[in-house]
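There are 2 protein chains.
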Amino acid sequence: MADTDDTNIEEEAFGITDRLLSDVRAAVDADEAEVVAGLLDPLHPADIAHLLEQIETKERRALLSLWTAKLDGEVLSELDESLREEIIDLLGPAELADAVRSLESDDVVDLVEYLDEDQQEAVLKSLHAGDRVLVEQALSYPEESAGRHMQSELVRAPEHWTVGEMIDYLRSDVLLPEQFYHIILVDPRLKATGYVGLGRILSHPRYMPLKNLTESSFRTFHVEQDVEEVAQAINHYHMITAPVVDDDDRIVGVITIDDAMAFLEEEAEEDLLRLAGVGEGSLSDRVILTTKQRFPWLAVNLVTAILASMVISLFDETIAGFVALAVLMPIVASMGGNAGTQSLTVAVRAIATRDLTGANVWRVIRREAAVGLINGAIFAVVMGIVGVVWFGAPMLGVVIAVAMVINLVVAGLAGTVIPVVLERMGVDPALASGAFVTTVTDVVGFFAFLGLAAAWLI
Amino acid sequence: MADTDDTNIEEEAFGITDRLLSDVRAAVDADEAEVVAGLLDPLHPADIAHLLEQIETKERRALLSLWTAKLDGEVLSELDESLREEIIDLLGPAELADAVRSLESDDVVDLVEYLDEDQQEAVLKSLHAGDRVLVEQALSYPEESAGRHMQSELVRAPEHWTVGEMIDYLRSDVLLPEQFYHIILVDPRLKATGYVGLGRILSHPRYMPLKNLTESSFRTFHVEQDVEEVAQAINHYHMITAPVVDDDDRIVGVITIDDAMAFLEEEAEEDLLRLAGVGEGSLSDRVILTTKQRFPWLAVNLVTAILASMVISLFDETIAGFVALAVLMPIVASMGGNAGTQSLTVAVRAIATRDLTGANVWRVIRREAAVGLINGAIFAVVMGIVGVVWFGAPMLGVVIAVAMVINLVVAGLAGTVIPVVLERMGVDPALASGAFVTTVTDVVGFFAFLGLAAAWLI
């Protein structure tokens with residue numbers, strides 16, 4: 002990923018160069034509203050959002066007080082969620098409503114769903130009646146459903162239309178979505194029956210029936226389906242437009258690939274952070290919030306560590322008799338913890354991408370155990386030798402070797418079985434597996450090593 | 002993510018149900034070629050690839066020997082990389098060439114770039130002369146560059162054309178890409194000057210100059226630019242088509258959002274697996290390959306763990322005099338390791354998404370140290386009490402408390418500084434940070450705890 006040559010490019014986060022950033026900061030410091038506007042106005046909303054994320058809270062406030070008038074809805078919807086609340090708090094309801102009115106329905110929903118009731122109502126009231134109904138409708142679907150994340154703006158056409166009729170309709174004075182890539186064909190009851198890419202319409206003569214141009218990638222998704230599944234299907238089938246339908250198969254919206262892409266990126270980030278015991282961390286979060294987010298995982302880890310310590314304390318007399326055990330025991334636990342993390346990361350990712358299913362779970366479990374056995378055997382030999390050379394006690398070498406094999410096999414098993422079981426129980430394996438797996442490898446590691454030492458050495 | 006209600010849906014990996022899978026297996030076992038074809042032929046290539054990934058090597062061979070004739074190029078390009086080689090080995094060069102001929106240039110490149118020379122040549126020879134030139138051209142660009150991953154199939158138009166001229170051209174007998182969403186406008190020297198979405202062309206009258214319809218999201222990418230940067234820009238700016246240009250700004254290809262999405266998904270997975278010390282793991286890999294992939298990280302960890310043990314052995318007399326130290330010492334190291342992993346995961350992810358830049362690195366470092374200090378203080382109090390209650394030694398409580406604060410602050414610092422420094426040095430922080438951070442927290446944890454104990458307790 003990183004490369005020595007492109008350090009300069011890496012420094013430029015998209016449209017935001019370090020230079021631009023310091024110019025903006027200087028202008029904000031000097032209270033020069035016009036300079037600020039001159040620098041920010043040409044930027045893409047996504048870049049403005051990125052810039053706001055890069056500066057500190059105080060600067061952000063100063064900047065926005067110089068520049069609020071220009072803050073449009075797209076900047077809000079591009080912002081990191083934690084910052085969005087902060088900035089919405091700074092805007093008056095009228096400014097907020099102004100900003101929001103230009104957005105597509107899915108972006109409005111995304112923005113208002115976590116606002117407090119007063120603000121939400123202010124935004125909803127400011128929308129045109131038709132848009133308001135669409136947004137309220139979307140808000141009535143469950144969180145994380147396709148209905149919550151779809152945009153209602155789409156182009157549909159009766160399935161009996163021809164290319165010519167379609168073009169005439171599009172050229173008429175009708176309101177079209179900002180971006181659209183497919184026409185959804187519907188029957189007289191508005192049931193979605195197929196779709197046609199715009200490229201096909203443009204490349205065929207006017208008399209051609211749209212029905213003859215439909216694409217085989219067409220499939221529909223139910224409004225209440227998990228949006229992550231829809232996003233994964235979009236990626237899996239290389240779809241650009243995913244039609245969303247209600248109970249009667251009537252078309253009610255579409256999810257476009259750009260939103261699905263942003264969604265999957267966020268999900269991947271969430272999984273990564275959850276695996277590391279960081280709830281919903283973001284760089285823009287402040288110290289207190291970050292401390293709170295990280296605390297629970299550390300607390301769980303403390304309990305785990307104390308449990309492991311209790312196992313050690315069972316053998317305190319053994320250790321008192323042979324201090325080398327205290328020196329070597331963290332090695333077995335640490336190797337088990339790392340091997341367990343390897344297995345569990347592969348398993349959690351495979352569950353998320355649906356590569357790990359009922360059909361292959363036993364094969365994977367067998368494989369992980371085998372991998373643990375082989376790597377365990379190799380490191381057992383190494384550690385056996387280290388034990389003998391370092392402490393001159395052959396039996397100590399044998400103890401650490403056997404404990405190593407046991408713990409690495411257990412790590413492979415626990416690293417796979419625990420996430421699979423958690424997922425079956427409806428618990429997010431990314432969130433909870435780590436603590437369980439480490440507990441197992443710590444307890445087994447210390448118990449095997451010290452237990453064998455107590456039995457064989459003393 | 003996971004939800005108690007959707008267990009059944011989760012079980013179905015896209016088009017592949019457990020039922021379908023067992024039907025296919027039964028048909029393969031019974032050598033019934035027609036049944037196999039009947040089950041597989043209606044499936045989307047991505048689903049067939051997914052099915053092949055779910056079954057075991059032996060079954061895969063049996064299935065392909067019953068069904069090779071139908072294996073088309075798209076299935077190959079959807080396959081997991083590790084399986085691709087296996088399956089290409091099973092195909093004769095003629096079959097392979099047949100399969101490949103229907104693919105777009107970027108998919109051909111993706112497929113042949115890692116083939117051995119004989120197979121690569123066989124594939125290249127089987128392509129039409131024009132396609133072959135394009136593929137060879139793409140292969141001449143650096144790995145991971147935009148030029149390697151772009152498709153050469155695109156639609157361009159002189160910038161002075163009108164909507165009518167464009168439609169007439171598209172309706173003429175010209176060969177068009179399977180999918181396209183924008184027309185790239187070029188000047189007489191083929192320099193890309195803008196693009197127009199197909200929706201705009203369809204919704205405007207024939208006399209409208211294309212120049213008046215260009216979209217503001219237009220920006221170009223150089224053929225040698227890192228493809229990950231292009232994919233991130235596509236996500237950042239919600240682009241559907243990213244035009245790729247040569248040194249003279251002439252259009253040479255496009256990267257489409259569906260490929261960028263698949264690419265970012267793979268990168269996110271790679272980062273996750275690298276952070277966990279799993280090179281390029283995939284569920285289809287076999288035991289020996291998996292063992293080899295996981296070995297290096299465990300070996301690094303062993304060195305780390307031995308280093309930590311050496312620190313412990315400095316204090317073996319202290320421990321022999323007070324065994325409670327052996328019982329409690331893993332707690333300090335473990336808490337530091339976890340806090341360090343939290344900080345480093347946030348930092349690695351932020352570097353990858355370019356949220357962590359020169360502009361805010363000091364702020365983030367200060368924040369991480371502060372978070373470490375606060376959480377450290379809280380856990381110091383808890384552990385101080387545990388130390389007193391468990392072992393009845395107030396001074397032991399003080400020692401563990403102070404060591405905890407030290408190690409959690411160090412963890413926050415190391416977890417941020419190490420990935421940033423590695424990235425500046427051109428080393429992938431996802432790959433290498435973990436080992437360094439754990440070494441620091443282990444060494445500091447044991448040294449602080451045992452060192453303070455030696456000084457204050459004995």
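Residue numbers (my numbering), protein chains in the order written: chain A, 2 to 459; chain P, 2 to 459.
Glycine residues also receive a C-beta, built at the ideal position from the N, C-alpha and C atoms.
The model shown is predicted, which means the values in this text are computed figures rather than measured ones.
Residue i classed as buried or exposed, judged by whether at least 16 other C-beta atoms fall within 10 angstroms
i	result
P:Arg-201	buried
P:Leu-397	buried
A:His-129	exposed
A:Thr-346	buried
P:Trp-298	buried
A:Trp-457	exposed
P:Ser-103	exposed
P:Gly-385	buried
P:Arg-149	buried
A:Gly-58	Residue identity differs from the one stated: residue 58 of chain A is Thr in this sequence, not Gly. Exposed, by the Cβ-count rule.
P:Ala-306	buried
P:Asp-30	exposed
A:Val-390	exposed
P:Arg-20	exposed
P:Asn-408	buried
P:Val-304	exposed
P:Ser-335	buried
A:Pro-244	buried
Nearest-angstrom Cα separation, counted from residue j out to residue i
i	j	result
P:Arg-190	P:Asp-356	38 Å
P:Thr-194	A:Arg-207	30 Å
P:Thr-5	P:Ala-50	Low confidence applies to P:Thr-5: its pLDDT is 37, below 50, so where it sits in the model is not reliable, and the reading given next is rough at best. P:Thr-5 and P:Ala-50: Cα-Cα distance of roughly 28 Å.
P:Val-113	P:Ala-47	19 Å
P:Leu-67	P:Ser-83	22 Å
A:Lys-293	P:Gly-416	18 Å
P:Met-311	P:Ser-434	22 Å
P:Thr-291	P:Arg-275	14 Å
P:Ile-459	A:Pro-331	23 Å
P:Glu-267	P:Glu-87	20 Å
A:Glu-96	P:Ile-256	38 Å
A:Ile-56	P:Ile-419	22 Å
P:Glu-160	A:Leu-273	45 Å
P:Met-461	P:Ile-184	Since the first residue shown for chain P is 2 and the last is 459, residue 461 of chain P is missing from the structure and cannot be characterised.
A:Glu-54	P:Glu-79	37 Å
P:Asp-248	A:Val-288	46 Å
A:Asp-99	A:Ser-23	29 Å
A:Ile-17	A:Val-76	14 Å
P:Leu-315	P:Gly-338	21 Å
P:Glu-229	P:Phe-450	44 Å
A:Gln-120	A:Leu-140	15 Å
Anticipated Cβ contact below 8 Å, residue i with residue j, distance rounded
i	j	result
P:Val-349	P:Ala-431	5 Å
A:Asp-107	A:Gln-152	4 Å
P:Ser-146	P:Gln-233	15 Å between Cβ atoms; not a contact.
P:His-237	A:Phe-15	5 Å
P:Val-333	P:Ile-252	At roughly 60 Å, the Cβ-Cβ gap does not stay under 8 Å, so P:Val-333 and P:Ile-252 are not in contact.
P:Val-411	P:Val-372	Not really, about 13 Å apart at Cβ, beyond 8 Å.
Residue i Cβ short of 6 Å to the ligand PLP heavy atom set
i	result
A:Pro-178	The model on display carries no ligand, and the ligand PLP is accordingly not part of it.
> Relative to chain P, which residues along the stretch 341-367 of chain A have a C-beta separation below 9 Å, given in chain order?
Replying inline: Correct list: Thr-342, Gln-343, Ser-344, Leu-345, Thr-346, Val-347, Ala-348, Val-349, Arg-350, Ala-351, Ile-352, Ala-353, Thr-354, Arg-355, Asp-356, Leu-357, Thr-358, Gly-359, Ala-360, Asn-361, Arg-364, Val-365 and Arg-367.
> Residue ranges of each alpha helix (DSSP H) run of no fewer than 4 residues wholly in the stretch 210-270 of chain P, ordered along the chain?
Replying inline: Here the runs fully enclosed are 228-237.
> Looking at chain A, which residues of the stretch 223-240 of chain P have a Cβ within less than 7 Å of any of its Cβ atoms?
Replying inline: With the criterion set as a beta carbon lying under 7 Å from some beta carbon of chain A, the members of the stretch 223-240 of chain P are Asp-227, Glu-229, Glu-230, Ala-234, Asn-236, His-237, Tyr-238 and His-239, in sequence order.
> Closer than 7 Å, Cβ to any Cβ of chain A: which residues of the stretch 44-63 of chain P, in chain order?
Replying inline: Shown in chain order are the members of the stretch 44-63 of chain P whose Cβ falls below 7 Å from a Cβ of chain A: His-45, Ala-47, Glu-54, Gln-55 and Glu-57.
> Name the residues in the stretch 143-173 of chain A whose C-beta lies less than 7 Å from a C-beta of chain P; which are they?
Replying inline: Within the stretch 143-173 of chain A, the residues whose Cβ lies closer than 7 Å to some Cβ of chain P are Ile-168, Leu-171 and Arg-172, listed in chain order.
> In chain order, what residues of the stretch 182-208 of chain A put their CB closer than 8 Å to some CB of chain P?
Replying inline: Taking a C-beta cut-off of 8 Å against chain P, the contacting residues of the stretch 182-208 of chain A are Tyr-182, Gly-198, Leu-199, Gly-200, Ile-202, Leu-203, Ser-204, His-205 and Pro-206, listed in chain order.
> Hey, which unbroken runs of the alpha helix (DSSP H) at 4 residues or more fall wholly within the stretch 19-73 of chain P?
Replying inline: Whole alpha helix (DSSP H) segments, 4+ residues: 19-30, 34-41, 46-55 and 58-68.
> Which full runs of the beta strand (DSSP E) of 3+ residues lie inside the stretch 144-183 of chain P, going along the chain?
Replying inline: Unbroken beta strand (DSSP E) runs of no fewer than 3 residues, entirely contained in the stretch 144-183 of chain P, are found at 157-159, following chain order.
>> By the 7 Å beta-carbon criterion, what residues does the stretch 14-38 of chain P contribute toward chain A?
In response: Taking 7 Å as the Cβ-Cβ cut-off against chain A, the residues of the stretch 14-38 of chain P that qualify are Ala-14, Phe-15, Asp-19 and Leu-22.
>> Please list, in chain order, the residues of the stretch 88-121 of chain A that have any C-beta partner in chain P closer than 8 Å.
In response: Only those residues of the stretch 88-121 of chain A whose C-beta falls short of 8 Å from the nearest C-beta of chain P would be listed, and there are none.
>> For the stretch 437-451 of chain A, list every residue whose C-beta sits within 9 Å of some C-beta in chain P, in sequence order.
In response: Under the 9 Å Cβ criterion, the stretch 437-451 of chain A contributes Thr-439, Asp-443 and Phe-447.
> Quick one: complete alpha helix (DSSP H) runs, 4+ long, within the stretch 292-331 of chain P?
Replying inline: List check, alpha helix (DSSP H) in window: 317-322.
> For the stretch 379-403 of chain A, which residues have a CB atom closer than 8 Å to at least one CB atom of chain P, in sequence order?
Replying inline: Look at the stretch 379-403 of chain A: the residues with a C-beta under 8 Å from a C-beta of chain P are Ile-379, Phe-380, Val-383, Met-384 and Val-387.
> According to a CB-to-CB cut-off of less than 7 Å, which residues of the stretch 305-325 of chain P neighbour chain A?
Replying inline: Using a CB distance below 7 Å, the part of the stretch 305-325 of chain P facing chain A consists of Ala-306, Ile-307, Ala-309, Ser-310, Ile-313, Ser-314, Asp-317, Ile-320, Ala-321 and Val-324, ordered along the chain.
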